[in-house]
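Enquirer: By our numbering, the letter at position 123 of the sequence shown is numbered 140, and the numbering carries on one by one without gaps.
C-beta: ideal position from N, C-alpha, C; glycine also.
What you are looking at is a predicted structure, and each value in this text was computed from that prediction instead of being measured.
Here you go, one structure.
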Amino acid sequence: MNYRVQSLDTSYEAEQIQIGLFRKKGEVGRGELMLSLTRTTRWLSWNSFLKLHPDITRQEAALTFLELTYSKELSEMVRDDLLRRVRLGQPFKEDKLLILEEMLLALTPVIELLEELGVTYLIGGSVASSTHGIARATANADLVADLKPEHIAPRFQLS
18 MNYRVQSLDT SYEAEQIQIG LFRKKGEVGR GELMLSLTRT TRWLSWNSFL KLHPDITRQE
78 AALTFLELTY SKELSEMVRD DLLRRVRLGQ PFKEDKLLIL EEMLLALTPV IELLEELGVT
138 YLIGGSVASS THGIARATAN ADLVADLKPE HIAPRFQLS
(Lines of atoms letter the chains of each structure in order from A and count residues from 1; the text may use other names and numbers.)
(Lines give C-alpha, C1' and ligand atoms only; values in the text may rest on other atoms or scores of the structure.)
Protein backbone atom coordinates (compact mmCIF):
# COMPACT_ATOMS: atom_id res chain seq x y z
CA MET A 1 0.00 0.00 0.00
CA ASN A 2 1.52 3.33 -1.12
CA TYR A 3 -0.99 5.50 0.72
CA ARG A 4 0.37 7.45 3.68
CA VAL A 5 -1.95 8.86 6.35
CA GLN A 6 -2.02 12.64 6.57
CA SER A 7 -1.61 12.84 10.35
CA LEU A 8 0.95 10.95 12.41
CA ASP A 9 -1.51 10.34 15.25
CA THR A 10 -4.26 8.86 13.05
CA SER A 11 -4.49 5.27 11.89
CA TYR A 12 -5.24 4.41 8.28
CA GLU A 13 -8.64 2.98 9.26
CA ALA A 14 -9.61 6.08 11.27
CA GLU A 15 -8.55 8.37 8.45
CA GLN A 16 -10.64 6.41 5.93
CA ILE A 17 -13.70 6.83 8.18
CA GLN A 18 -12.92 10.54 8.51
CA ILE A 19 -12.60 10.95 4.74
CA GLY A 20 -15.89 9.10 4.25
CA LEU A 21 -17.64 11.46 6.66
CA PHE A 22 -16.21 14.49 4.85
CA ARG A 23 -17.39 13.14 1.50
CA LYS A 24 -20.92 12.67 2.86
CA LYS A 25 -21.04 16.35 3.87
CA GLY A 26 -20.94 17.48 0.25
CA GLU A 27 -19.21 20.60 -1.04
CA VAL A 28 -21.39 23.04 0.89
CA GLY A 29 -20.96 21.13 4.16
CA ARG A 30 -17.19 20.96 3.70
CA GLY A 31 -17.08 24.67 2.88
CA GLU A 32 -19.06 25.46 6.03
CA LEU A 33 -16.68 23.28 8.05
CA MET A 34 -13.69 25.18 6.66
CA LEU A 35 -15.28 28.50 7.60
CA SER A 36 -16.06 27.19 11.08
CA LEU A 37 -12.50 25.92 11.59
CA THR A 38 -11.04 29.21 10.37
CA ARG A 39 -13.40 31.25 12.55
CA THR A 40 -12.48 29.14 15.60
CA THR A 41 -8.76 29.41 14.86
CA ARG A 42 -8.97 33.18 14.47
CA TRP A 43 -11.00 33.52 17.69
CA LEU A 44 -8.49 31.39 19.62
CA SER A 45 -5.60 33.41 18.18
CA TRP A 46 -7.30 36.70 19.10
CA ASN A 47 -7.95 35.58 22.67
CA SER A 48 -4.39 34.29 23.08
CA PHE A 49 -3.08 37.58 21.70
CA LEU A 50 -5.15 39.52 24.25
CA LYS A 51 -3.81 37.38 27.10
CA LEU A 52 -0.24 37.93 25.94
CA HIS A 53 -0.75 41.72 25.73
CA PRO A 54 -2.91 42.78 28.70
CA ASP A 55 -1.13 46.15 28.85
CA ILE A 56 -2.49 47.58 25.57
CA THR A 57 -5.97 48.87 24.72
CA ARG A 58 -8.41 46.74 22.77
CA GLN A 59 -8.13 49.12 19.83
CA GLU A 60 -4.34 48.92 19.80
CA ALA A 61 -4.57 45.15 20.19
CA ALA A 62 -6.95 45.00 17.22
CA LEU A 63 -4.63 47.03 15.02
CA THR A 64 -1.58 44.98 16.00
CA PHE A 65 -3.52 41.75 15.47
CA LEU A 66 -4.54 42.94 11.99
CA GLU A 67 -0.94 43.78 11.18
CA LEU A 68 0.25 40.34 12.28
CA THR A 69 -2.63 38.53 10.57
CA TYR A 70 -2.73 40.50 7.31
CA SER A 71 -0.29 43.38 6.79
CA LYS A 72 1.03 46.66 8.12
CA GLU A 73 -0.67 48.49 5.24
CA LEU A 74 -4.09 47.11 6.16
CA SER A 75 -3.52 47.91 9.82
CA GLU A 76 -2.66 51.53 8.93
CA MET A 77 -5.78 51.87 6.76
CA VAL A 78 -7.93 50.51 9.57
CA ARG A 79 -6.19 52.85 12.04
CA ASP A 80 -7.05 55.84 9.84
CA ASP A 81 -10.67 54.69 9.57
CA LEU A 82 -10.82 54.03 13.31
CA LEU A 83 -9.57 57.56 14.09
CA ARG A 84 -12.19 58.97 11.70
CA ARG A 85 -14.92 56.96 13.44
CA VAL A 86 -13.75 58.09 16.89
CA ARG A 87 -13.97 61.72 15.72
CA LEU A 88 -17.54 61.02 14.57
CA GLY A 89 -18.41 59.41 17.91
CA GLN A 90 -18.86 55.92 16.44
CA PRO A 91 -17.90 53.06 18.76
CA PHE A 92 -15.10 50.58 18.10
CA LYS A 93 -16.60 47.20 17.20
CA GLU A 94 -14.17 44.48 18.17
CA ASP A 95 -16.41 41.72 16.84
CA LYS A 96 -15.84 42.97 13.29
CA LEU A 97 -12.25 41.68 13.54
CA LEU A 98 -13.43 38.10 13.56
CA ILE A 99 -15.46 38.32 10.37
CA LEU A 100 -14.32 35.51 8.16
CA GLU A 101 -16.66 35.87 5.27
CA GLU A 102 -14.64 38.78 3.84
CA MET A 103 -12.85 36.38 1.51
CA LEU A 104 -16.16 35.05 0.22
CA LEU A 105 -17.53 38.59 -0.04
CA ALA A 106 -14.55 39.49 -2.21
CA LEU A 107 -14.59 36.31 -4.28
CA THR A 108 -18.33 35.99 -4.97
CA PRO A 109 -18.81 39.04 -7.25
CA VAL A 110 -15.69 38.10 -9.23
CA ILE A 111 -17.01 34.57 -9.78
CA GLU A 112 -20.46 35.90 -10.69
CA LEU A 113 -18.90 38.20 -13.31
CA LEU A 114 -16.73 35.41 -14.71
CA GLU A 115 -19.77 33.16 -15.03
CA GLU A 116 -21.84 35.95 -16.60
CA LEU A 117 -19.09 36.47 -19.19
CA GLY A 118 -18.69 32.73 -19.80
CA VAL A 119 -15.07 32.70 -18.62
CA THR A 120 -13.52 29.39 -17.64
CA TYR A 121 -11.96 29.68 -14.18
CA LEU A 122 -10.40 27.55 -11.48
CA ILE A 123 -10.38 28.10 -7.73
CA GLY A 124 -7.49 26.66 -5.76
CA GLY A 125 -5.96 27.18 -2.33
CA SER A 126 -7.35 25.95 0.94
CA VAL A 127 -10.90 26.88 -0.11
CA ALA A 128 -10.75 24.29 -2.89
CA SER A 129 -8.84 21.80 -0.75
CA SER A 130 -11.43 22.11 2.01
CA THR A 131 -14.38 21.89 -0.35
CA HIS A 132 -13.09 18.93 -2.34
CA GLY A 133 -10.90 17.24 0.27
CA ILE A 134 -10.26 17.57 3.96
CA ALA A 135 -11.23 20.78 5.75
CA ARG A 136 -8.44 23.10 6.81
CA ALA A 137 -8.31 25.86 9.37
CA THR A 138 -6.76 28.32 6.93
CA ALA A 139 -8.81 30.20 4.39
CA ASN A 140 -7.17 31.38 1.21
CA ALA A 141 -8.20 31.17 -2.39
CA ASP A 142 -6.28 31.22 -5.64
CA LEU A 143 -8.32 32.19 -8.69
CA VAL A 144 -7.13 31.56 -12.25
CA ALA A 145 -9.29 32.77 -15.13
CA ASP A 146 -8.91 32.18 -18.86
CA LEU A 147 -9.73 35.76 -19.88
CA LYS A 148 -9.83 36.55 -23.58
CA PRO A 149 -10.35 39.91 -25.33
CA GLU A 150 -13.96 38.99 -26.15
CA HIS A 151 -14.66 38.60 -22.42
CA ILE A 152 -13.24 42.00 -21.60
CA ALA A 153 -14.61 44.06 -24.52
CA PRO A 154 -18.27 44.08 -23.34
CA ARG A 155 -17.26 45.60 -19.98
CA PHE A 156 -14.12 47.62 -20.70
CA GLN A 157 -12.80 49.67 -23.57
CA LEU A 158 -9.60 48.18 -24.93
CA SER A 159 -7.00 50.64 -26.18
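#1: Measuring alpha carbon to alpha carbon, tell me which of 141, 133 and 147 ends up nearest residue 164.
#2: What number of angstroms, rounded off, separates the C-alpha of residue 36 from the C-alpha of residue 56?
#3: By Cβ distance below 8 Å, which residues in the same chain neighbour residue 92 in space, the five residues on each side in sequence not counted?
#4: Spell out the partners DSSP gives residue 160 in its beta bridges.
#5: What does the Cβ neighbour count give for residue 148, buried or exposed, with the cut at 16 atoms within 10 Å?
#6: Does DSSP put residue 22 in a helix, in a strand, or in coil?
#7: Buried or exposed for residue 88, going by 16 or more other Cβ atoms inside 10 Å?
#8: In terms of residues, what are the limits of the alpha helix (DSSP H) holding residue 106?
#9: Would residue 51 be called buried (16 or more neighbouring beta carbons within 10 Å of its own) or exposed?
#10: Compare the beta carbon distance of residue 159 and residue 135 with 8 Å and say whether it is the shorter of the two.
#11: Reducing DSSP to helix, strand and coil, say where residue 135 ends up.
#12: Would you kindly work out how many angstroms separate the C-alpha atoms of residue 34 and residue 24, rounded to a whole number?
#13: Smallest Cα separation from residue 58: which of 86, 41 and 69?
#14: Are the CB atoms of residue 76 and residue 109 nearer to each other than 8 Å?
#15: Please identify the residue among 102, 122 and 129 whose C-alpha is closest to the C-alpha of residue 162.
#16: Looking only at C-alpha atoms, which of 43, 20 and 42 sits nearest to residue 32?
Expert: Taking the structure as given:
#1: 133
#2: 22 Å
#3: 80, 81, 83 and 84
#4: 140
#5: buried
#6: coil
#7: exposed
#8: Taken as a continuous stretch (DSSP letters only), residue 106 belongs to no alpha helix (DSSP H), as it is neither H nor E.
#9: buried
#10: no
#11: coil
#12: 14 Å
#13: 86
#14: yes
#15: 129
#16: 20
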